[in-house]
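Asks:
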Amino acid sequence: TSALKDRRITLGRVEAPSGELLDEALAVAMHAPHSFTGEHVAELHLHGSRAVVAAVLDACVALGARLAEPGEFSRRAFLNRRLDLAQAEAVADLVAASSEVRRKLALRQLQGGLSNEVRSIRDSLVDAAARIEAHLDFPDEEIPAVASNELSQTMADGLARLASMLKTFEGTRMAREGIRVVLAGAPNAGKSSLFNELVGRERAIVTPHPGTTRDTIESTLEIGGVAVTIVDTAGVRESADSVEQIGIERTWAEVENADVVLVVMDAETPDDSTLKSLADDQSCQRIILLNKCDLVPTDQTELLKARFGAQATTVIACSALTRQGLEPLETALRDMAMGSAAPEEMLVANARQATCLRAAQASLLAASASFSAGLSGELVMVDLRDAIEHVGEVIGLGIGEDILDRIFSTFCIGK
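Under this note's numbering, think of the first position of the sequence shown as 972, with each following residue one higher.
1. Would you kindly check if the distance between the Cβ of D1354 and the Cβ of A1330 is under 8 Å?
2. Helix, strand or coil for H1180, going by three-state DSSP, please let me know.
3. Taking the alpha-carbon positions, what's the G1149 to R1305 distance?
4. With DSSP as the reference, identify every bridge partner of I1194, one or two as the case may be.
5. Distance, Cα to Cα, I1370 vs R1144?
6. Quick one: give me the first and last residue of the alpha helix (DSSP H) that G1083 is part of.
7. In terms of residue numbering, what span does the alpha helix (DSSP H) encompassing S1373 cover?
8. Over what stretch of residues does the beta strand (DSSP E) that includes T981 continue unbroken?
9. Please identify the residue among Q1332, V1235, A1036, T981 whose C-alpha is closest to the C-alpha of K1162.
10. Does DSSP put E995 in a helix, in a strand, or in coil?
11. Ignore the nearest five residues each way along the sequence and tell me which others in N1120's own chain have a CB closer than 6 Å to its CB.
12. What is the C-beta distance between A1099 and M1136, in whole angstroms, given that I count them as a contact (C-beta under 8 Å)?
13. Pick out whichever of A1000, E995, G1345 has its Cα sitting closest to the Cα of V1027.
14. For F1382, I'd like the list of residues in its chain whose CB is within less than 7 Å of its CB, leaving aside the five on either flank, ordered along the chain.
15. Please report the straight-line C-alpha distance between K1386 and R1047, rounded to a whole angstrom.
16. For A1333 and A1358, what's the separation of their Cα atoms in angstroms?
17. Rounded to whole angstroms, what's the CA-CA distance from F1342 to G1363? Just pull it up for me.
18. Quick check: the Cα distance between Q1082 and A1013, rounded to an integer number of angstroms?
19. If you check the beta carbons only, do I1366 and D1055 fall under 8 Å apart?
20. Thinking G1296 and C1264 are a contact (beta carbons under 8 Å), I'd like their distance in whole angstroms, please.
21. Enumerate in chain order the residues of its own chain whose CB-to-CB distance from L1017 is below 8 Å, with the five nearest sequence positions on each side excluded.
22. Using CA coordinates, which residue listed in L992, L975, V1097 is at the minimum distance from E1360?
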């Protein structure tokens, strides 16, 4: 990189060791510490065909370079303290962002949203630990009542902040990863027609004959910035047709794995038995869609809403033919994905971070209980140190090589 000016783009020829011209490209050198990793870095900006990239990579390897491992640049940035671990994980999230909400969440984490909150909590706990340690050094002196109240409040505040972050985790997970929405109901309720309207094209075959859909069909779209995978399924009914039975079994399997089930009912002939069987599963949220509402009087639709309202999160009158009700449905799905938390409150991005914070919460709760009960400072410090350690693990403090290997192995190559 010494032949290139720092952070200046230079046009030149890229040649193989044999002298063969591989490409005309741009090169830029970033001298340490002014790079993403904090190390000397050189970049080639190539014409992006696979053939060009492959030829240049082969030439680089022939000259002594090696291919980067998964997450290697982010790991180097972490080890060189350019990023903490939560920010490094945000890089992978940003690369993998498949929706607008996930992009924003990843960018907020990369800019330190979670890290700043974690450091603030950790700093307050470290301060509390220092004050208790100081008392242990002078055991004959009691902690003044004012200081004792302050320490109790510090631990209570830490518990409240940890609980607040963890409360939003499930909503953050669904907003990041998207939600799986399954259309289920009796044959000819209009599931496939609704599926086609939601995805914006005719993916599913629609006919007047019951049992047309024999297998699941799915498509992913973005609703309100959230990735939503819509799954069309076979109609649920008693059938002697072995192929249709397989399709119905797959319907139940999809219902079990759904984040949201859209129970589609024909507003003209609502099927109570199908609704009951679909409503028995309490593990996911349900929306009842009264389809074909354009064919029934409004007052009848309102009666059906009142009749089935207690058996679902919400009941929406809709029509695949006129698109009535699809906008409220999309709003409901987005709200279910985002949960009650505002986007700016969503900080905890993945299960590893949530596990660390739950462990910190449990340890801090034990420390607070011991302190309130007047137990010895040594006992309080055991749990308080554990809480500090677990909080620090979120941003990579005290993380072992084996855990780092596991984390960065999930990154894409190089990044």
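For glycine and all other residues, C-beta sits at the position ideal for the given N, C-alpha and C.
Replies: The relevant details are as follows:
1. In the sequence shown, counting from the first residue as 1, residue 1330 sits at position 359. In the sequence shown, counting from the first residue as 1, residue 1354 sits at position 383. Going by C-beta atoms, A1330 is not nearer than 8 Å to D1354.
2. For the purposes of this step, residue 1180 is taken as residue 209 along the sequence shown, with counting starting at 1. Low per-residue confidence applies at H1180: pLDDT is 42, beneath 50, and the placement is therefore not dependable enough to give any value.
3. Here residue 1149 refers to the residue found at position 178 of the sequence shown. Here residue 1305 refers to the residue found at position 334 of the sequence shown. Taking the straight line joining both Cα atoms gives about 10 Å.
4. If you number the sequence shown from 1, residue 1194 lands on position 223. According to DSSP, residue pairing for I1194 in a beta bridge involves V1197.
5. Position 399 of the sequence shown, counting from 1, holds the residue named residue 1370. Position 173 of the sequence shown, counting from 1, holds the residue named residue 1144. If I take the Cα positions, the gap works out to 23 Å.
6. Here the question's residue 1083 lines up with position 112 in the sequence shown. Where G1083 is concerned, there is no enclosing alpha helix (DSSP H), because DSSP gives it neither an H nor an E.
7. Residue 1373 sits at position 402 when you count from the first residue of the sequence shown. Reading the sequence as shown, one finds Asp at residue 1373 and not Ser. Per DSSP, the continuous alpha helix (DSSP H) segment holding D1373 begins and ends at 1372-1379.
8. Taking the sequence shown and counting its residues from 1, one reaches residue 981 at position 10. Per DSSP, T981 belongs to the beta strand (DSSP E) from 980-986.
9. Within the sequence shown, the letter at position 191 stands for residue 1162. It is V1235 whose Cα lies nearest to the Cα of K1162.
10. For the purposes of this step, residue 995 is identified with residue 24 of the sequence shown, where counting begins at 1. DSSP places E995 in strand when its eight states are reduced to three.
11. Locating residue 1120 in the sequence shown gives position 149, where the first residue counts as 1. Result list for N1120: empty, nothing under 6 Å.
12. In the sequence shown, the residue the question calls residue 1099 occupies position 128. In the sequence shown, the residue the question calls residue 1136 occupies position 165. That belief does not hold up - the Cβ atoms of A1099 and M1136 are roughly 19 Å apart, past 8 Å.
13. Reading the sequence shown from its first residue, position 56 is the one you call residue 1027. Measuring C-alpha to C-alpha distances from V1027 to each of A1000, E995, G1345 identifies E995 as the nearest.
14. For this step, residue 1382 is matched to residue 411 along the sequence shown. Short of 7 Å from the beta carbon of F1382, and not among the five residues preceding or following it, lie these beta carbons of its own chain, in chain order: P1041, G1042, S1045, A1063.
15. Here residue 1386 refers to the residue found at position 415 when the sequence shown is read from its first residue. Here residue 1047 refers to the residue found at position 76 when the sequence shown is read from its first residue. Distance between the alpha carbons of K1386 and R1047: 10 Å.
16. Your numbering for residue 1333 matches position 362 in the sequence shown. Your numbering for residue 1358 matches position 387 in the sequence shown. One C-alpha to the other measures close to 8 Å.
17. For the purposes of this step, residue 1342 is taken as the residue at position 371 of the sequence shown. For the purposes of this step, residue 1363 is taken as the residue at position 392 of the sequence shown. In this structure, the alpha-carbon of F1342 lies about 22 Å from that of G1363.
18. Against the sequence shown, residue 1082 aligns to sequence position 111. Against the sequence shown, residue 1013 aligns to sequence position 42. Cα to Cα, Q1082 sits roughly 25 Å from A1013.
19. Position 395 of the sequence shown holds residue 1366. Position 84 of the sequence shown holds residue 1055. Inclusion of I1366 and D1055 in the CB contact set at 8 Å is warranted, their separation being smaller than that value.
20. As a working note, residue 1296 is residue 325 in the sequence shown. As a working note, residue 1264 is residue 293 in the sequence shown. Right, the Cβ-Cβ distance comes to about 7 Å (below 8 Å), so this counts as a contact.
21. In the sequence shown, the residue the question calls residue 1017 occupies position 46. V985, D994, A996, V1023, V1024, V1027.
22. Indexing the sequence shown from 1 puts residue 1360 at position 389. When L992, L975, V1097 are compared, the shortest CA-CA separation from E1360 is found for V1097.
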